[in-house]
Amino acid sequence: MRDKIIKVILDSGEDFVSGEELSKQLGISRTAIWKHI
């Protein structure tokens, strides 16, 4: 999962990626994202 999160962030380039956006794209909670990072 950590690799997927990092890929989304890197693919965004210079754009900001919110935890909410990550959670929607990956189908997990913002808390789960925080724990993986």
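Numbering (full-length UniProt numbering), first residue to last: 1 to 37.
Each residue gets a CB set at the ideal place from its N, CA and C atoms; glycine is no exception.
Spatial distance of His-36 from Met-1 (CA atoms): 7 angstroms
Backbone secondary structure at Asp-15 - three-state DSSP: coil
Reduced DSSP secondary structure (H/G/I, E/B, other) of Ile-28: coil
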